[in-house]
Each structure stands twice: as structure tokens, then as C-alpha cells.
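J.:
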Amino acid sequence: MASVTDGTRRHLNPKLPQAVRTDVDVTNCQVETRNQAVIQTAQFHTADPEAAARFFANAYLPSWRISGLSKGSTVTHRRCTTDLVTIDDVLIDGQADCEIRTGDEVVVIQPRSGALKVAGDPCAQTEAPLLTADGVPRVLQLNTARFHVVSVEAKLLHQVASNRHAALPQQIQFLDSRPNSPAAAGTWRDALTYVTTSFAAADTVQRPLVIAGATQLLAAAILDCFASTVTTGQHLLNDPAVPKTLQTAVSFIHQHAGSHITINDVAAEVHLTPRAVQYLFRQQLNTTPTEYLRRLRLHRAHQDLLAGDGSETTVTEIAQRWGFAHTGRFAVLYRQTYGESPHTTLKHDSDR
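Heads up: the sequence shown begins at 1 in UniProt numbering, then just goes up one per residue.
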């Protein structure tokens, strides 16, 4: 039974070198660590409520508070950390309340087994993931619960989003803590299972490209699962720094994305020449109106594929619905953007 070392403190919370203190009673808890070049792992186990409280207070920033843990209950915490993503596998054998707060990162709680409820949340879907960000506190009510805690740096989310959307807000804000749909939640769970399985493989540590791809997949799944200012374009409409003319043009494009519109229609809406509209989009958003519309339509086609049923619809129907007349070209663009074919996306959701 190892004591808690300075190295362990760094691995449990790379952002806080003194995260886990050495005053934990090692007769009642156990900590193991494994150092790797790219992936860092750590494990904590205790049957001591006070040791558990100290651990949770120091393992997360800002501190998490665990209370009401009855005597005889056990806490097991396994952490896997990469540069921009941390995945914790938490098992609390007993009843407890856990107050969580987040820092700059985005955190998703994914229930796995047992009972996990969110105080004040009417959502009855026990398997539904919960997103928390912007420091909004949440209280988890646990009863012999196992769950994953996935922390993703904002930098990674912005990198992934920039590959999909022509215009991005300076800061991505999530608009709902619950998934867009059951299908989106299922896709998120599949991505998390794939990533945790990949990270657990012995040879993954020697394959940095696999790790990078897995973390990007996880970030993309979060963006798909939860509504944000990236997917709605709302950041442009509410940002006072964005010219009113551009807001009107963007709003028009969003309202008529499913119709046949051209740059001439956008120009007429804002009472400018097509050349002036081109300049406005290029100057403010570093894109063109046509490219903005294409990205928006591709995103909406992606949402339809996620929510679609392969027995009732086809990729061709969804592509044509959003103005992509050539299915082959649509498939190439879709794969470049989302990392898989549209047929795979539709089939996965039909299989659930």
C-alpha cells in the first residue's frame, strides 16, 4: 500500500501541483500511479469518509465537496489524463451528495450504473449525460453509483469547432446542460466508450496520433450532443461587437437555410450590393456568405443524420434536403468534417 507522493499529486491534478496532500491516512486509503509519456493514470481508494472528502476537495478545481458518505462506504477513483482531456472513472459504494463546480474547462458527467440524480433537475433519464460549465454549481445525489467525469479544455473544443464552422465566437458557451436528443446522447456515449477503451490499451501510450484523434473525437461528440453558441450561430446575433447589418444577414441565412437562396437574396435583405456583403463577411468572419451557408447546411444535415432512422430515410434524401445535389461530393465533405461517412452516422443511430 503506497503512500501519496509528490509525483502522485501532479498526476491527480496536473493544474495544481499540490492537489493531494500527504496527510491522507494511508491505513484507510490506497493510491497507485503509473507514469507514461503521453497518458498519465492514477488510482485512489478509501473507506474513510474524511479521506474521501479531502481527496475530492483537492482533485478538482474548484474543489468538489462530498458529504453524507456513511461509514463503511467506499470510494474508488481512477483518473486518466492527456494534455487536454481528463477522464475519471468514479465508483461510490454507498450514499453521498457531491457538490461540483467547474473552472475554465467543460465537464460532462456520464452515469454508468447505480443511482445518480441531480438536485433540482427534473430529467428522469438516468443514463443521460450532464454538462456543467461556467462555474455553475451542481449537486449530485448518489446511491452506489458509478460514473465518468470527462473534463475537456476549452482550447480543444475551439480547435475542433474551427474545423467545422466558418465563424466562431471567441468563447464557446453551452446553452443547455442536457443532450439535444436521445440519439445525440447515444453518440456521445459511444464516443466515450471508444476513447476509454483506446486509452486502456497497453500500446496506446506509444501511439500519440491515436491519442490525439481520440481526444478530438470526444470534443466533437460534446459539440454534437449539447446545444451551444457554435451550433446555433446565436453568438453572432447577440454580440454587440458584430455590426447590425451582419447580424441581419446571418439571421436571414439561418432562417432560410432550407430554401434556395443566393448572395443576391442576402444582399437584398440588408440593402447592400453583393460585393459589399462579400466584403462584410470576409472582414468580420473571415469567410464568404456562400461558405457560411454551406457550413450551416452541412451542420443541419449532420443533425438530421444523428436523429434519423435508416429504415425510414436515406443519406441522399437528407443531403438533398439541405441543398447537396451530389451525394458523393456530400459524403466527401461530410467525412472531411466529421471523420466518418454519413452512412455510418445514420446506421449507428438506427442500430441504437
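We treat Cβ as the ideally placed atom computed from N, Cα and C, and that holds for glycine.
Here's a check: name, in chain order, each residue in its chain whose Cβ is nearer than 8 Å to the Cβ of A276, leaving out the five neighbours to either side.
T.: Position 276 of the sequence shown holds residue 276. Answer for A276: A267, listed in chain order.
J.: Checking the sheet assignment: what are the DSSP bridge partners for F324?
T.: One-based indexing of the sequence shown puts residue 324 at position 324. Per DSSP, none; premise fails for F324.
J.: How is P111 classed by DSSP in three states: helix, strand or coil?
T.: The count along the sequence shown starts at 1 and reaches residue 111 at position 111. In the structure shown, P111 sits in a strand (DSSP, three-state: E or B).
J.: Using only the alpha-carbon positions, how far apart do F44 and A115 sit?
T.: Working through the sequence shown from its first residue, we reach residue 44 at position 44. Working through the sequence shown from its first residue, we reach residue 115 at position 115. Each residue's alpha carbon lies about 21 Å from the other.
J.: Taking Cβ positions, are A133 and T82 nearer each other than 9 Å?
T.: Residue numbering aside, residue 133 sits at position 133 when the sequence shown is read from its first letter. Residue numbering aside, residue 82 sits at position 82 when the sequence shown is read from its first letter. Taking 9 Å as the Cβ cut-off, A133 and T82 do not qualify as a contacting pair.
J.: Need the endpoints of the alpha helix (DSSP H) that V160 sits in, please.
T.: By 1-based counting over the sequence shown, the position of residue 160 is 160. Where V160 is concerned, the enclosing alpha helix (DSSP H) starts and stops at A154 to S162.
J.: Indicate whether D97 and I66 have their beta-carbon atoms separated by less than 9 Å.
T.: If you number the sequence shown from 1, residue 97 lands on position 97. If you number the sequence shown from 1, residue 66 lands on position 66. In contact: D97 and I66 (Cβ atoms closer than 9 Å).
J.: Rounded to whole angstroms, how far is the Cβ of L140 from the Cβ of I109, which I believe are closer than 8 Å?
T.: In the sequence shown, residue 140 corresponds to position 140, counting from 1. In the sequence shown, residue 109 corresponds to position 109, counting from 1. Right, the Cβ-Cβ distance comes to about 7 Å (below 8 Å), so this counts as a contact.
J.: Would you tell me roughly how many angstroms separate the C-alpha atoms of S341 and V160, rounded to the nearest one?
T.: In the sequence shown, the residue the question calls residue 341 occupies position 341. In the sequence shown, the residue the question calls residue 160 occupies position 160. So the alpha carbons of these two residues sit roughly 18 Å apart.
J.: Can you give the Cα-Cα distance for V250 and R295, rounded to whole angstroms?
T.: Translated into the one-based positions of the sequence shown, residue 250 becomes position 250. Translated into the one-based positions of the sequence shown, residue 295 becomes position 295. Rounded to the nearest angstrom, the two C-alpha atoms are 12 Å apart.
J.: Per the DSSP calculation, L140 is bridged to which residue(s)?
T.: Working through the sequence shown from its first residue, we reach residue 140 at position 140. For L140, which the question treats as bridged, DSSP gives the partners C98 and V118.
J.: Could you tell me which residues DSSP puts in a beta bridge with R65?
T.: Taking the sequence shown and counting its residues from 1, the one referred to as residue 65 is at position 65. Bridge partners of R65: E99.
J.: Assess, as a yes-or-no matter, whether the segment 304–313 is touched by the segment 173–191 under the definition of 3 or more beta carbon pairs within less than 8 Å.
T.: yes
J.: Comparing C-alpha positions only, which one of T144, A220, I87 and V107 sits nearest to P62?
T.: Position 62 of the sequence shown, counted from the first residue, corresponds to residue 62. Among T144, A220, I87 and V107, the Cα nearest to that of P62 is on V107.
J.: Is the separation between the beta-carbon of V149 and that of I87 shorter than 9 Å?
T.: On the sequence shown, residue 149 is found 149 positions in, with the first residue counted as 1. On the sequence shown, residue 87 is found 87 positions in, with the first residue counted as 1. Yes.
J.: Could you tell me the alpha carbon to alpha carbon distance between residue 353 and D203, rounded to whole angstroms?
T.: Any answer about residue 353 is impossible in this case: the structure gives the chain only from 1 up to 352.
J.: Taking all protein chains shown into account, do 16 or more other C-beta atoms lie within 10 angstroms of the C-beta of R335, making it buried, or fewer, making it exposed?
T.: Here residue 335 is taken as the residue at index 335 of the sequence shown, counted from 1. By the 10 Å Cβ count, R335 comes out exposed.
J.: Work out the CA separation of F281 and T41 for me, nearest whole Å.
T.: Indexing the sequence shown from 1 puts residue 41 at position 41. Indexing the sequence shown from 1 puts residue 281 at position 281. So the two alpha carbons sit approximately 45 Å from each other.
J.: For the putative contact between V195 and A214, defined by C-beta atoms under 8 Å, what is the C-beta separation to the nearest angstrom?
T.: On the sequence shown, position 195 is the one that residue 195 refers to. On the sequence shown, position 214 is the one that residue 214 refers to. Indeed they touch by this definition, with Cβ atoms about 5 Å apart.
J.: Give me whichever residues DSSP pairs with R178 in a beta bridge.
T.: Numbered from its first residue, the sequence shown carries residue 178 at position 178. Answer by DSSP bridge pairing: none, since R178 is not bridged.
J.: If you draw a straight line from the C-alpha of I172 to the C-alpha of F226, how long is it?
T.: Taking the sequence shown and counting its residues from 1, the one referred to as residue 172 is at position 172. Taking the sequence shown and counting its residues from 1, the one referred to as residue 226 is at position 226. I172 and F226: Cα-Cα distance of roughly 12 Å.
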